[in-house]
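**Q** In this note's numbering, the protein residues as written are 16 to 307.
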Ligand SMILES: NC(=O)c1ccc[n+]([C@@H]2O[C@H](COP(=O)([O-])OP(=O)(O)OC[C@H]3O[C@@H](n4cnc5c(N)ncnc54)[C@H](OP(=O)(O)O)[C@@H]3O)[C@@H](O)[C@H]2O)c1
């Protein structure tokens, strides 16, 4: 958000503001004295390019944070048309329709890669999405980049205001259910408030192109489930299973660790560990302030 605001507080439009990331981005911007228009789907449907671009222009936004997406990875396989419309075409169309002093910050995903990598994926690595969701998100990247927007890829997001892996595991442990979790998919959990901070930092730094951001260290879903159980102080047995033991419409990447060196150079800091984020999340869950 580098536009000259003439001494007035900068303004930003957040799309998908009722989602787990959108809420955190709006909060983070407000903490930085930015005036925020936090728009949920009812207020701004990403597919309605004209109305959304008009909303950004009327609000005099210097940046539009697109946290809106059709995020049901399995649902995207059966409703490709919706996936392509919301995730694939709408962000680029919107980026091109924004006023010249306002740019789109698009949140993208590790699913643009084929998951067969053996070292963390760099921004310049070849993409080869294996799912409808991944293909749709990759489509948006191209459109947003062409229009001068910023693309930030991330992975395994968990936020206090969302239904996610942490809330699912914590509630299953709470119900005393036995747990079987895949150990052959490796990636990086990412705490939504840290991601929100990274997005705002990257915009403030004037970053362009594609940037990877996720938390450390890499782990498997099984390793993450064990960490959740330990952080809850309940060392319940969790069976490690293989992806082939589960039948799901969309194939999950076996390896989706993102290399965050470019983020670190731009933000002048390391990407956070997810562990304190997990503790903060579970504290909120205990206080009844997070969704379970
Ligand atoms: N969650 C992850 O693990 C993960 C990993 C990598 C990247 N990402 C990306 O991170 C971003 C944020 O994801 P999230 O985890 O916050 O997902 P989320 O909690 O599902 O939030 C997405 C939001 O988008 C809204 N939305 C859906 N269709 C829309 C439309 N046509 N117009 C406007 N809003 C619409 C949804 O509203 P409704 O609920 O009303 O449909 C929801 O509030 C997405 O771009 C996602 O692809 C997520």
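No residue lacks a Cβ here, since even glycine has one placed at the ideal position from N, Cα and C. Nothing here was measured: the structure is a model prediction, and the numbers come from that model.
Using a Cβ distance threshold of 8 Å, determine whether the stretch 272-283 contacts the stretch 216-233, with at least three qualifying pairs required.
**A** yes
**Q** Cβ-heavy atom distance between residue 211 and ligand 1 below 7 Å?
**A** no
**Q** If you draw a straight line from the C-alpha of residue 295 to the C-alpha of residue 180, how long is it?
**A** 15 Å
**Q** Counting pairs of Cβ atoms below 8 Å between the stretch 158-172 and the stretch 115-130, do you hit three or more?
**A** yes
**Q** List the whole-angstrom C-beta distance separating residue 170 from residue 273, where the pair is believed to meet the contact cut-off of C-beta under 8 Å.
**A** 6 Å
**Q** Between which two residues does the beta strand (DSSP E) containing residue 259 stretch?
**A** Residue 259 -> no beta strand (DSSP E), and no H or E assigned at all.
**Q** In three-state DSSP terms, what is residue 223?
**A** Here residue 223 sits in coil by DSSP.
**Q** What is the DSSP secondary structure of residue 308, reduced to helix, strand or coil?
**A** Any property of residue 308 remains undetermined from this structure, which presents the chain solely from 16 to 307.
**Q** Comparing the CB of residue 82 with every heavy atom of ligand 1, is any distance shorter than 7 Å?
**A** Result yes, Cβ under 7 Å from ligand 1.
**Q** Let me know the secondary structure DSSP gives residue 62 once reduced to three states.
**A** Residue 62 falls in the coil class under three-state DSSP.
**Q** From residue 131 to residue 268, what distance separates their C-alpha atoms?
**A** 7 Å
**Q** Touching or not, the stretch 40-56 and the stretch 95-102, by the rule of three or more beta carbon pairs under 8 Å?
**A** Taking one beta carbon from each stretch, the stretch 40-56 and the stretch 95-102 have fewer than 3 pairs nearer than 8 Å; the two do not touch.
**Q** Please report the Cβ distance between residue 156 and residue 127, rounded to the nearest whole angstrom; I am assuming they are in contact, meaning their Cβ atoms lie under 8 Å.
**A** 7 Å
**Q** By Cβ distance, which residues of its chain are closer than 6 Å to residue 149, with the 5 residues on each side in sequence left out?
**A** 126, 127
**Q** Can the beta-carbon of residue 6 be found less than 8 Å from the beta-carbon of residue 82?
**A** The structure shown does not extend to residue 6, since the chain is modelled only from 16 to 307, so the question has no answer here.
**Q** How many whole angstroms separate the CB atoms of residue 168 and residue 227, which I take to be in contact at a CB cut-off of 8 Å?
**A** 5 Å
**Q** Since residue 205 and residue 172 should fall inside the 8 Å C-beta cutoff, what is the C-beta to C-beta distance between them, to a whole number of angstroms?
**A** 5 Å
**Q** Looking at residue 200 and ligand 2, is the gap between the Cβ and the nearest heavy atom below 7 Å?
**A** Here the bound small molecules are ligand 1; ligand 2 is not part of this structure.
**Q** With a threshold of 16 other CB atoms inside 10 Å of the CB of residue 25, please say whether the residue is buried or exposed.
**A** buried
**Q** Where are the alpha helix (DSSP H) runs, 4 residues long or more, that stay fully inside the stretch 131-164, in chain order?
**A** Counting only runs of 4 or more, we get 147-161.
**Q** Taking residue 196 as part of the beta strand (DSSP E), name the residues at either end of that continuous run.
**A** 194-197
**Q** Would you say residue 257 and residue 196 are within 8 Å of each other, going by their C-beta atoms?
**A** no
**Q** Does ligand 1 have a heavy atom nearer than 7 Å to the CB of residue 31?
**A** yes
**Q** Could you check which residue in 52, 68, 89 has the C-alpha nearest to that of residue 263?
**A** Cα-wise, what sits closest to residue 263 is 89.
**Q** Tell me whether residue 85, by its Cβ, gets closer than 7 Å to a heavy atom of ligand 1.
**A** yes
**Q** I'd like to check one pair, residue 34 with residue 104: are the Cβ atoms closer than 8 Å?
**A** no
**Q** Does DSSP put residue 128 in a helix, in a strand, or in coil?
**A** coil
**Q** Who are the near neighbours of residue 245 in its chain, counting only those whose CB is closer than 6 Å to its CB and skipping five residues on each side?
**A** Setting aside the 5 residues that flank it on each side, residue 245 has no residue in the same chain whose C-beta is closer than 6 Å to its C-beta.
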